[in-house]
Structure formats: C-alpha cells, structure tokens
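Trainee: Got a structure here, written out as structure tokens. Questions coming.
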Amino acid sequence: MKILAINGSHRKGKNTAAMLQAVLEEAARAGAETELVELTDYQIKPCQACNRCLGKTECSIKDDDMAKLGEKMLAADGIVLGSPVYWANVTGLMKNFIDRTRWMHMAKNMLHGKVGGAVTHAGLRNGGQEQALNIMNRFLAAQGLFVVDTRNQEGGIYNGGAMGTMFNDLREGRPSWKKGVHEDTLAMEECRRLGRNMVEMIKRLGNG
Ligand SMILES: Cc1cc2nc3c(=O)[nH]c(=O)nc-3n(C[C@H](O)[C@H](O)[C@H](O)COP(=O)(O)O)c2cc1C
C-alpha cells in the first residue's frame, strides 16, 4: 500500500509539510509505504486549455515535470493533498497542479478507486481553511477518489478536517501567534487521524 502526499505550499518543509508528514508517519505506522512531494521542486507549466485531454488520456505539454507527478499519482493507493490558505483558497502552485491533472480525468477517470484526503494551514483562526479544504476535497472527488476525512469514530472528535492555524489568542487586544503547527495539538491529531482513516479505507476497498 502506497500513500503519496503532495504539498502545494510555496514554502518547502514548513507548516503544511509538517501536517502532511504527520499524516504519512501515522499511515506508515499502520503499514503504508509513503512519499512526500514538494511541488516547489517540480516545474509545472500552466494548462493551455487546448482540450487535447477531452479525447485522449494525455496532456499536450510534454516539456515539464507533470508527467512524473502523474506517474506517482497513478502508482499510489492513496493521495493526500496539502495547501496553505492563500486568499481563502489554495495556493497558485496547488491550483496550477490541479488544472494540469485534467488528462487523468476527461477521457477516462484514471484515478478512480483510490483514496484521497487533504490538509490545510492558515495564519488566522477563520482564515479560509474550510474553503481551501473543500476545494481540494472536491477536486479529489471529481477525479474519482474516495475522499476520507478526520472523523474519529471512537472518540467522536471531529474538527471538520485537518486544519491548522497560527493564531493563538488575543493578549491585551493584540493577536499572539503559535510558533508553528506543532503547537496546534488539535490539527496535528486530525492529521494523524486522517492517516489512519486513509489506511483503513484503502484496506476496506481491498487495495494495497
Ligand atoms: C499570498 C498569501 C495569502 C495568504 N492568505 C491567507 C488567508 O486568506 N487567510 C489566512 O488565514 N492566512 C493567509 N495567509 C497565511 C498562510 O496561510 C500561512 O502563513 C500558512 O501558515 C503558510 O503555510 P506554510 O507554513 O506551509 O507556508 C496567506 C499567505 C500568503 C503568502
């Protein structure tokens, strides 16, 4: 069983990467082989909207790294996306990546039957995390993946998904900030739960 994490943060190895690592560490504990991909390491040109992918399972842009990412996605049983919130949305990097996966969807749903999940991180407490998460989960569902979330059936804890925030609280009217997502115990637990839920779903589907 293989789970691939894809980080759309423009900052490699920061909060969103830490959340994805937590998902993967827990999935690895449950027996999965894991890999974290940082989109900043890959050249991804914008979709040209040529519509080649309407008739064929291929993209007309060949001179960038998108084919490598496609291979990794096709080889995975589970895919977990991570993006910080930029303007109550995913990052430009993540959106560019999403657009370029259209060849895996239009002529044939090539990712159908895999398991998907998503995590997000933002500065503010209500900074658009739910919107960014919904955008990624909607994309995964449209690509034919079975999307799982962070519900904890035993404990009943459900935060709406794996959503981190830097905001801590107001101190004498001024915001104070966490040092990083490692201080966001709820978000980190939701990430670990997502890892466990993804492995469980992959097993239930008889994949991996
Ligand atoms: C261009 C830009 C737009 C942002 N927009 C938002 C926003 O709408 N809401 C919010 O709470 N934080 C926003 N942020 C803050 C990031 O979500 C936050 O710094 C996050 O922790 C970055 O994740 P990273 O550590 O993985 O890079 C924005 C940051 C940037 C650079």
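Numbered by my numbering, the letters in the sequence shown go through residues 38 to 245 in order. Backbone N, C-alpha and C define an ideal beta-carbon position, used for all residues, glycine too.
Does the pairing of the segment 107 to 126 with the segment 149 to 156 give three or more beta-carbon distances under 8 Å?
Mentor: A contact exists between the segment 107 to 126 and the segment 149 to 156.
Trainee: Going by DSSP in three states, residue 155 sits in which element: helix, strand or coil?
Mentor: Three-state result, residue 155: strand.
Trainee: Find out if the Cβ-Cβ distance for the pair residue 66, residue 103 is shorter than 9 Å.
Mentor: Cβ atoms of residue 66 and residue 103: not closer than 9 Å.
Trainee: Please find out if some non-hydrogen atom of ligand 1 comes closer than 8 Å to the beta-carbon of residue 203.
Mentor: Yes, the Cβ of residue 203 comes within 8 Å of a heavy atom of ligand 1.
Trainee: Could you check which residue in 129, 50, 238, 241 has the C-alpha nearest to that of residue 173?
Mentor: For residue 173, the nearest C-alpha among the options comes from 129.
Trainee: Per DSSP, what are the beta-bridge partners of residue 39 in this structure?
Mentor: According to DSSP, residue 39 bridges with 70.
Trainee: Give the single residue among 46, 95, 94, 191 whose Cα lies nearest to the Cα of residue 133.
Mentor: It is 46 whose Cα lies nearest to the Cα of residue 133.
Trainee: Among 49, 221, 244, 94, which one has its Cα closest to the Cα of residue 161?
Mentor: Residue 221 is the option with its Cα nearest to residue 161.
Trainee: Helix, strand or coil: which one does DSSP assign to residue 184?
Mentor: If DSSP states are grouped into helix, strand and coil, residue 184 belongs with the strands.
Trainee: Would you call residue 140 buried or exposed, if buried means 16 or more other Cβ atoms sit within 10 Å of its Cβ?
Mentor: Counting Cβ neighbours within 10 Å, residue 140 comes out buried, since at least 16 surround it.
Trainee: Relative to the C-alpha of residue 184, which candidate in 148, 191, 217 has its C-alpha closest?
Mentor: Here the closest residue by C-alpha is 148.
Trainee: Can the beta-carbon of residue 170 be found closer than 9 Å to that of residue 193?
Mentor: In this structure, residue 193 does not lie closer than 9 Å to residue 170 by Cβ.
Trainee: How is residue 214 classed by DSSP in three states: helix, strand or coil?
Mentor: Three-state result, residue 214: strand.
Trainee: Considering only residues of the same chain and omitting the five flanking positions on each side of residue 84, which have a CB-CB separation below 7 Å?
Mentor: Only 136, 137, 139 meet the Cβ criterion.
Trainee: Which of helix, strand or coil does DSSP assign to residue 117?
Mentor: Strand, per DSSP.
Trainee: Does ligand 1 have even one heavy atom less than 8 Å from the beta-carbon of residue 247?
Mentor: Any question about residue 247 goes unanswered here, given that the chain covers just 38 to 245.
Trainee: Under a three-way DSSP split, which group does residue 207 fall into?
Mentor: Three-state result, residue 207: strand.
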